[in-house]
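**Q** First residue of the sequence shown: 1, per the UniProt record's numbering; consecutive thereafter. The beta carbon of each residue, even a glycine, is placed where N, CA and C say it ideally should be.
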Amino acid sequence: MSLKTIFLLSVSFLISSSVLLIGVTYLYDPKPISIIAAVETNRKTDSSTHLLGVSSSSENVIPSSKTFSKMTVTILLIGIDSRRGNQTPRCDAIHLITFNRKEKSLHLINIPRGTPTRIPGFDESFSIISNACSVLGIDSVKTRIEKMTNLKIDYTIKMGFSQAIGFARLFSLPSIDTLTSLRSRAYPAGDNQRSYNQALFIRDLIGKYLSSYPSFPKPFKYIAFNMLEADVDFETADNLLTEAASSPFATDSSLIPITNYSPKGTKLKDIHLLEKMGNASKSANGYDKEFVEYQQNLTAYLQNKIDTSQNFIKASRKDQAFKNIQPSYSQQLWLQIEDEIRRDALHFDIVKNFALSNFSSSESAKIILDFISEMDQKGNEDLKEKAEEVLKSL
Numbered sequence: 001m002s003l004k005t006i007f008l009l010s011v012s013f014l015i016s017s018s019v020l021l022i023g024v025t026y027l028y029d030p031k032p033i034s035i036i037a038a039v040e041t042n043r044k045t046d047s048s049t050h051l052l053g054v055s056s057s058s059e060n061v062i063p064s065s066k067t068f069s070k071m072t073v074t075i076l077l078i079g080i081d082s083r084r085g086n087q088t089p090r091c092d093a094i095h096l097i098t099f100n101r102k103e104k105s106l107h108l109i110n111i112p113r114g115t116p117t118r119i120p121g122f123d124e125s126f127s128i129i130s131n132a133c134s135v136l137g138i139d140s141v142k143t144r145i146e147k148m149t150n151l152k153i154d155y156t157i158k159m160g161f162s163q164a165i166g167f168a169r170l171f172s173l174p175s176i177d178t179l180t181s182l183r184s185r186a187y188p189a190g191d192n193q194r195s196y197n198q199a200l201f202i203r204d205l206i207g208k209y210l211s212s213y214p215s216f217p218k219p220f221k222y223i224a225f226n227m228l229e230a231d232v233d234f235e236t237a238d239n240l241l242t243e244a245a246s247s248p249f250a251t252d253s254s255l256i257p258i259t260n261y262s263p264k265g266t267k268l269k270d271i272h273l274l275e276k277m278g279n280a281s282k283s284a285n286g287y288d289k290e291f292v293e294y295q296q297n298l299t300a301y302l303q304n305k306i307d308t309s310q311n312f313i314k315a316s317r318k319d320q321a322f323k324n325i326q327p328s329y330s331q332q333l334w335l336q337i338e339d340e341i342r343r344d345a346l347h348f349d350i351v352k353n354f355a356l357s358n359f360s361s362s363e364s365a366k367i368i369l370d371f372i373s374e375m376d377q378k379g380n381e382d383l384k385e386k387a388e389e390v391l392k393s394l
């Protein structure tokens, strides 16, 4: 399997799965990394408070404006195998988490991507739940999972490849070589073992990191939450995660049972991949030729989209500009760029063109405000000021 295939599929599954079970928890690493360090050194700046409507103080992390009365909450995570420009991606990761707030317990349900499900018009070899996502849609898959598990799903969280890369970078998660192990089917139980390995990895992450969630500044949580596509609002997620962080399972993952929807008689081994994983950092010379070419091609692709949109805007053809830039914005393709300076510059240009071509002035303002807040947290004053100028022009 090529590096690019591993990169596109493995990272997506890893981070998507992690985000489900930690909800939107932020994996603390004692070694300072770029965003976390910027948050800690820029807390004196208060612009994020009025932009986001949240406090930058880590002492005020529990919102009081919402209450959540339901005692059992079930969340569906779908990790999307999405490629550049692909509008019909497959579900590469499917997990359920049930949080019993009264008992302070968590239950993880693992549904392998190869789980059979009927897809009208297709033969049995194609009729698996991963393919059902692209053929029938995620809502249909959600209904099937509810019937399969006899659980009512309260929220659905989706994450694609770009967002997965963003989380991997943000929290210094493991290198591509380690992700290869997480993706591997080279076991007697094949895909079922792989899926179980990933469930164990998620459970281990929860026991190691979830208890640290309340200590992070709220603007930082909001920026990370914005990477997700979810039908739960930020404050509800923040409430639930803060509550879960004080539960016994947040420091002892052995308290989290895993149910596997694997064929009867499948023998699975407990393989804890988290114990084998190192730091995600890699030198500029640490990537192979294929990866470097992928980065170059993606950069050229995004620059072309940006230039084309700018030309449409200058010609007063906002509808064409919006249609051209919208896929890159929705898929957050800039997150796949490894070089931080280039990544942030492309991020700004994509957001700017999307906002200037968007017919909704309120949505445009929110998009720019979110970008300003992110650059504020990163300490990038140049792009922050440029975005403020765009905001004034709206």
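Give me, in chain order, the residues of the same chain whose beta-carbon lies closer than 6 Å to that of Ile368; leave out the 5 immediate sequence neighbours on both sides.
**A** Ala355, Ala387, Val390 and Leu391
**Q** Kindly indicate which three-state DSSP category Glu275 falls into: helix, strand or coil?
**A** If DSSP states are grouped into helix, strand and coil, Glu275 belongs with the helices.
**Q** With a CB to CB cut of under 7 Å and the five nearest residues on each side skipped, what residues in its chain are close to Gln310?
**A** Asn353
**Q** Please work out which residues of its chain come closer than 7 Å, Cβ to Cβ, to residue 424, disregarding the five sequence neighbours upstream and downstream, and give them in chain order.
**A** Only positions 1 to 394 of the chain appear in this structure, which leaves residue 424 out of reach.
**Q** Of the residues Asn226, Asp319 and Lys218, which one's Cα is nearest the Cα of Phe359?
**A** Asp319
**Q** Between the beta-carbon of His272 and the beta-carbon of Leu210, is there less than 8 Å?
**A** no
**Q** Alpha carbon to alpha carbon, what distance is there between Leu77 and Leu383?
**A** 33 Å
**Q** Any idea what DSSP makes of Gly79, helix, strand or coil?
**A** strand
**Q** Could you tell me whether the stretch 246-265 touches the stretch 225-238, where touching means 3 or more Cβ pairs closer than 8 Å?
**A** no
**Q** With a cut-off of 8 Å, do at least 3 Cβ pairs link the stretch 186-205 to the stretch 101-120?
**A** yes
**Q** Should Asp376 go down as buried or exposed, given a rule of 16 or more other Cβ atoms within 10 Å for buried?
**A** buried
**Q** Distance, Cα to Cα, Ser105 vs Phe322?
**A** 45 Å
**Q** Any idea what DSSP makes of Ile109, helix, strand or coil?
**A** Three-state result, Ile109: strand.
**Q** Can you tell me the Cβ-Cβ gap for Ile206 and Phe249, rounded? I've got them flagged as a contact below 8 Å.
**A** 7 Å
**Q** Quick check on the DSSP output: the beta strand (DSSP E) that includes Thr251 runs from which residue to which?
**A** Run containing Thr251: none; DSSP gives neither H nor E here.
**Q** Does the Cβ of Ser362 have 16 or more other Cβ atoms within 10 Å, making it buried, or fewer, making it exposed?
**A** exposed
**Q** What does DSSP give as the partner residue(s) for Glu226 in the beta ladder?
**A** Residue identity check: residue 226 is Asn in the sequence provided, not Glu. Beta-bridge pairing links Asn226 to no other residue.
**Q** Which residues share a DSSP beta bridge with His95?
**A** Leu77 and Asn110
**Q** Closest to Ser393 by C-alpha separation, out of Ala365, Gly379 and Ser69, would be which residue?
**A** Ala365
**Q** Mapping the DSSP letters down to three states, classify Arg101 as helix, strand or coil.
**A** coil
**Q** Once you ignore the five residues that flank Ile75 on each side, which residues in its own chain have a CB closer than 6 Å to its CB?
**A** Ile97 and Tyr155
**Q** Would you tell me roughly how many angstroms separate the C-alpha atoms of Pro217 and Arg144, rounded to the nearest one?
**A** 38 Å
**Q** What three-state label does DSSP hand Arg185 in the structure shown?
**A** coil
**Q** Taking just the CA atoms, how far does Leu274 sit from Asp204?
**A** 7 Å
**Q** To which residues does DSSP link Met159 through a beta bridge?
**A** Gly79
**Q** For Tyr196 versus Asn260, is the C-beta spacing smaller than 8 Å?
**A** yes
**Q** Could you give the C-beta distance for Phe99 and Ala244, rounded to a whole number, given that I count them as a contact under 8 Å?
**A** 6 Å
**Q** Can you say whether Gly79 is buried or exposed, counting buried as having 16 or more other CB atoms within 10 angstroms of its CB?
**A** By the neighbour-count definition (other C-beta atoms within 10 Å, threshold 16), Gly79 is a buried residue.
**Q** Figure out for me which residue from Val351, Ile94, Ser162 and Glu229 has the closest Cα to the Cα of Glu338.
**A** Nearest option by C-alpha distance: Ser162.
**Q** Got a sec, what are the start and stop residues for the beta strand (DSSP E) Ile119 sits in?
**A** Where Ile119 is concerned, there is no enclosing beta strand (DSSP E), given that its DSSP letter is neither H nor E.
**Q** Starting from the Cα of Met159, find the closest Cα among Ser330, Phe234, Glu374 and Asn304 and give me that residue.
**A** Ser330
**Q** Roughly how far, in whole angstroms, is the beta-carbon of Asp344 from the beta-carbon of Asn380, given that I think they are within contact range, below 8 Å?
**A** 6 Å
**Q** Could you please give the first and the last residue of the uninterrupted beta strand (DSSP E) stretch that includes Asn353?
**A** Counting along the chain, Asn353 falls outside any beta strand (DSSP E), though it belongs to the alpha helix (DSSP H) covering Glu340 to Ser357.
**Q** Report yes if the C-beta distance between Ile128 and Ile94 is below 8 Å; otherwise report no.
**A** no
**Q** Let's test the definition: count the other Cβ atoms within 10 Å of the Cβ of Ile341 and tell me whether it reaches 16, buried, or not, exposed.
**A** With fewer than 16 Cβ atoms within 10 Å of its Cβ, Ile341 is classed as exposed.
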